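Residue numbers (UniProt numbering): 1 to 162.
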């Protein structure tokens, strides 16, 4: 169950247990505003608010504020040894998922809300993109550009968060 934070129901975060449950919801649609929620769901998962999907991230703090929107854990080994399962990465939502700077690392979400940490490369067909993974055990995938619902750039690697 989600609980939006307002001035009337501010949650005290003096203990680390409550502080870790404050989650920032970054909507996939760039015209919607991000919201801070009090959830028991894990960062890195997709959550619907009023029928709109968005990525749940731990709130950004310390010196990374402004550079990133929040932190998520790496959930699989597709991009190892660069990012290992369990590492935390700082992500920033891009306002337009169809303006792609090829060769950079992204967290890409398709219309099924499936997210993949990958490097986006051009495809021989202009309406498609190639998703490459650093780990050689995974074969590249091809997505139609229109399938991309949201793109997040990978800005920083944080091996462990407190």
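Don't be surprised by glycine CBs; every beta carbon is placed ideally from N, CA and C. As the structure is a prediction and not an experimental result, all values here were calculated from the model.
Taking DSSP as the reference, what is the three-state secondary structure of residue i?
i	result
residue 145	helix
residue 174	The chain is shown from 1 up to 162; residue 174 falls before or after that span and cannot be answered.
residue 28	coil
residue 106	strand
residue 84	coil
residue 127	coil
residue 100	coil
residue 115	strand
residue 92	strand
residue 48	strand
residue 196	With the chain covering 1 to 162 only, the question about residue 196 has no answer from this structure.
residue 22	strand
How many whole angstroms separate the CB atoms of residue i and residue j, which I take to be in contact at a CB cut-off of 8 Å?
i	j	result
residue 119	residue 136	Wrong, their Cβ atoms sit about 13 Å apart, outside the cutoff.
residue 157	residue 83	6 Å
residue 71	residue 54	Going by Cβ atoms, the distance from residue 71 to residue 54 rounds to 15 Å, so no, they are not a contact pair.
residue 41	residue 68	So it is not a contact: roughly 20 Å between Cβ atoms.
residue 130	residue 74	No, residue 130 and residue 74 are not in contact; Cβ-Cβ is about 21 Å, not under 8 Å.
residue 128	residue 144	6 Å
Around the C-beta of residue i, are 16 or more other C-beta atoms found within 10 angstroms, so that it is buried, or is it exposed?
i	result
residue 57	buried
residue 29	exposed
residue 139	exposed
residue 107	buried
residue 159	exposed
residue 122	exposed
residue 48	exposed
residue 27	buried
residue 125	exposed
residue 44	buried
What are the start and end residues of the beta strand (DSSP E) that includes residue i?
i	result
residue 58	52-59
residue 71	70-73
residue 163	Shown here, the chain extends from 1 to 162; a query on residue 163 therefore has no answer.
residue 37	35-38
The ligand GDP and residue i: does any heavy atom of the ligand fall closer than 7 Å to the residue's C-beta?
i	result
residue 48	Annotation note on the ligand GDP: not contained in the displayed structure, which lists no ligands.
**Prompt:** Should the region 89-102 be called in touch with the region 138-150, which here means at least 3 C-beta pairs below 8 Å?
**Reply:** yes
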